[in-house]
Each structure stands twice: as structure tokens, then as C-alpha cells.
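Taking it in order: structure first as C-alpha cells, then the write-up.
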Amino acid sequence: MKILQKIKKAAKQSKVFRYRTYKKINGVGHRALTDRIFFATMFSLLFVGALILFSNEEDKEIVNVAQTTEQETPQPTEQEVVHSDLGDDPVIEEIPELSLADLEKKVISKEAVLSTYVLKSGETFSTFLTKSTIDQAEHPKILETISTLVNLNTLPQGTIILSFVDNNKNFLGLAIQLASDEFVAIIKMDDGNLVPFTHTGQVSIQQERIKGKIERTFQGSAQKAGVPQSIITQITNALDGEFDFRSNMRKGDTFDIIYTKKVTPSGIELDIDKELVFIGLQNGKKKIYRYLYKNSKGVAGYYNPLGQRGEQTVAQRPVKAIPRLSSPYGWRRHPVLMYRLFHSGADLACPTGTPIYAGADGVITQIGRKGAYGKYIRIKHAGGFETAYGHMNGFRKGLKRGSRVKRGEVIAYVGATGRATGPHLHYEVWKNGKTQNPLHKHVIAGYQLTGFEMEQFKLMAESIHPDYLEHRFGKNPPIPPKKPHEKTKN
Ligand SMILES: [Zn+2]
């Protein structure tokens, strides 16, 4: 039984067990797979252990030896004895068994510092060396040694280089990742020599989940909870045009964020390539969920739980000020012409020069003077929507017909050109050729995943967040409808 316990203990300490906790998201069902590998390994270990036990049962002496020789030095095997009997041993250079783990252990015990560098377009290994804090005197020797392992001119953009220095910035070693599980590396030995070696070990992708509450601002609360700045930027970009963190988040609202990070075989987190894979916001009674999905062409986007992306509301008051509604949409007596006519837009009174922004993503179809509208812009959006802007003082420089604009991007400035009694923006929203009340909520439907892509998305989303189904269906998922033939059977 003692052996069994030992085997169990060893298995628990082994990498197999630790890797089980790794959660890779590219590769659906990876968790289940590692679980299976883990259990299979455990069972085979137990089986082998049992075999040893039973096969040795008759020969109790050996069992006892196995239990008691723990501290004893191993006896030389027959072969080794024969070899030393030859007398004239060839001088075999002792090749130390090297691995990155040796360096990483020093990082974990704070004897060394790890820095990560990712080669950018046009950069070479020498670029990295020049930018690094490694002593220049070491550069030629490093270049010479690492060149024996890899052609440094062939390192592609995106190659990860790990370098290790001690707390006095003395060079300890470095590693270049050639493939997801292959490194070439050098370690500086105690005698100052650099020893090259290759190392296999996976830089794994792990998920990090951070939940928190809004105290004052989203930015501040997320930072306090430990969300990296690069992820905060990705969050605001992912919800750009859909959600305004500054004006909409309230104290007590909550956030739930999942991102991926790269981790070395020893568990050291790399400060690169962090990617937002899920954002959940509870904003009052409103819940917003977005999942990262890369489609089969490799194009990434953030989708809601129903597999829809890019849903956007048309801005109701596209000015960088709090405007006074000087004339609403609908029938009215015209202030200048003094007869009843239909007002096709909303008049938003603001001081001359107030910036006007695009109400939604789109393409400018008209820009210039247009009769009573004065200086005028018209933008075409997705889903049959258009917006138009009149009486403006001037346009933002560089805009022309065909220019693409994003929601929130400044396009012009408030004025009183054309038929206007004072500075205001005349703002129109059109859908399929008909004017709409700009002060109503207009949602431009985005892109909907279908078929194979939708199935992939669902699998991906389930692997990202444990509560995906709840995000999709709410607390009570709908009961699937009965198939017609089931009804007729009754
Ligand atoms: Zn008007």
C-alpha cells in the first residue's frame, strides 16, 4: 500500500496534474480532454503500481528493499561496473541537463527578473538585444552562441523572446520561442560560459476572470480589481458606440471580465498578448454580454449571446454639448415661414462651433451646401438607415463624399447657415427612405452568425463562460417546442 500512496503522491505533483488546471480556449473541449488524459494517467499509474505489488508478493525481500532503499545510494549496474573496469575512460564532457525551468525557478524565488519581448515587423534578434538591458559586452557572445541553434535572420514577426537577468541586471540566459512548444535557449554557467540548448515546453494560454463592482468610474474600479490597462482599452473598444462607460455606469453596477494570458511552462505570466474574451456588465437592470469569436476566416469580433455583432443605436443628440430641443420632429408652425408644415428632424440649439458627431458608423453620401439646409452632410448607415445634418457652420477638414466615419467621430460644427433663426443643428434620421423621429431609439441591427459559424460560436462561448446558457436564455431556458409528429401521435 505504501507504494500506491507514493505513486498517487508523485502523480499529484506531476505536470499532468498541474496541466489539468490549465484552460485553453482555442480548442473546444480541451478541459474535458485534459481531464480524460489525467484520469487515464492516474489509472495506468495505479495499474502499474498494482502489478509491481502483486508480481513481487512472493519475493518479499525485494519489496522490502524497495521500501527501505530510499536513502541508500544506488548500486552501480553491471554495465557501469564493466565500463569502469576498462580503465581507459574516454574523456566525456559533462553535458549539464538544462531547462528553462532552472531560470524560471529563479524568477519565482525572486532571484531573477524575466522580461518578454515580441519581435515587431522588420525587427531582428539584434533589435531585441539593442533594446534590452543586457550588458553590451555580452552581445557578441550571445549572438554567436544562439546562432549555433537557429538562423536568426529567419525569426518571424511575433516571435517571443524571454530574457532573464539577476537583480543586479547581470545576464542569466534567454530563450526564443520557435513553435508553440519549442524553444532554443542559452544559459550562462557559473564559469561565465554560455551553453546553448533546446527546450520543449508549452507557453500555455490561460483564462483570467475578474469580477467587481463600480465604485465611481468603470476605469478606476476595473484597475483596482486588477484588470490590466490593455484589457480595459479592449473593453471600451468592444462596446464603442453601444455603451458609454463614462455617462452610463453607476455606483453598484457590476462587471465580469474574462481575458486570456500567456503563461510559461513554470507558470510565469507573460506581460504580452492579453486578449479580452468576455465582458459582462450589469448596468442597473440592463445586462450586457459580449463574447469574442473568431470566424472561420480568422476575423475576430465581439458578439452578444445570440451571435449578433455590431448592433448600434443611432445617436439621438449627436452634439458634444447638452442641447436645448428648440423644435421637435413632426407637424408645427414654421418659425420663419409661419405656416404649418412637417418638421422632418429635430432642432438642437447649441452655441456656434459646438462639435457635431456622426450618429452611427457609415459613409458620407452628401457634403456641401443644400438650399435651406445651409451647410449639409448626409451619411448612409447599415440596415437602411441614413442621418442628415443641416445649418452647420463648417465641416471637419478632410471629409468628402465617400469618407467612412465612425459613430462619435466629429464631422462638423454647429452654425446657422441656410434658413435658420439661430445656431442649431437640424438633425434627421431616415429609415428606408422615410424620416423618423430622431429622439426615438433606433437600433441598427448588426451581423448575425448562422449555420456552422453559429454552432462554432455556441461551443466557443460555452468554453469561455460557465453561465453562457443563462446569458443566452435567461434564468429559465425555454423548453424546446415539440416536433409536429410527436403531437399527432397522441
Ligand atoms: Zn429643423
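Using numbering that gives the first Met the number 0, the letters of the sequence shown map in sequence onto residues 0 to 489.
Glycine included, C-beta positions come from ideal geometry on N, C-alpha and C.
Of 132, 437 and 465, the smallest CA-CA separation from residue 327 is found for 437. Three or more pairs of CB atoms, one per stretch, sit closer than 8 Å, so the region 136-152 contacts the region 164-184. Judged by DSSP in its simplified three-state form, residue 466 adopts coil rather than helix or strand. The straight-line gap separating the alpha-carbon atoms of residue 290 and residue 246 is approximately 23 Å. Within 7 Å of the C-beta of residue 344 there is at least one heavy atom belonging to ligand 1. Counting only runs that start and end inside the region 196-239, the alpha helix (DSSP H) elements of at least 4 residues fall at 217-223 and 228-237.
Boundaries of the alpha helix (DSSP H) harbouring residue 141: 138-146, taken from the DSSP string.
In this model, residue 344 and residue 295 are separated by some 42 Å (Cα to Cα). In this structure, the beta-carbon distance from residue 406 to residue 460 does not fall below 8 Å. Listed in chain order, the non-local C-beta contacts of residue 270 below 7 Å within the same chain comprise 115, local neighbours out to five positions each way being set aside. Counting along the chain, the unbroken beta strand (DSSP E) around residue 255 starts and ends at 253-262. With fewer than 16 other Cβ atoms inside 10 Å of its own Cβ, residue 338 counts as exposed. The beta-bridge partner set that DSSP reports for residue 182 consists of 176 and 198.
Residue environment analysis places residue 214 among the exposed positions, since fewer than 16 neighbouring C-beta atoms fall within 10 angstroms of its C-beta. For residue 375, same chain residues with a beta-carbon under 6 Å away, outside a window of 5 residues either side, are 369 and 389 in chain order. Look at residue 247 here: in three-state DSSP terms it is helix. Note on residue 330: under 16 other CB atoms within 10 angstroms of its CB, so exposed under the neighbour-count rule. Here residue 149 carries a coil assignment [DSSP, helix/strand/coil]. Annotated as distal: residue 401 and residue 443, with beta-carbon spacing of 8 Å or more. DSSP, reduced to helix, strand and coil, places residue 165 within a strand of the structure shown.
Counted as a single uninterrupted DSSP element, the stretch harbouring residue 310 is not any alpha helix (DSSP H), since DSSP gives it neither H nor E. Taking residue 353 as the centre and dropping the five residues before and after it, the same chain places the C-beta of 318, 319, 320, 412 and 413 closer than 7 Å to its C-beta, in chain order. Counting C-beta atoms within 10 angstroms of its own C-beta, residue 188 has fewer than 16 neighbours from the protein chains shown and is therefore classed as exposed. In the DSSP assignment, residue 341 is bridged to 330.
Exclusion of the five residues before and after residue 464 leaves 277 as the residues of its chain whose Cβ lies within less than 6 Å of its Cβ.
Scanning its chain for C-beta atoms nearer than 8 Å, with the 5 sequence neighbours on each side dropped, one finds around residue 117 the residues 157, 158, 159, 160, 271 and 272, in chain order. Contact check for residue 264 against residue 201 passes: the beta carbons are separated by less than 8 Å.
Its Cα nearest to that of residue 124, the residue 174 stands out among 174, 97 and 112.
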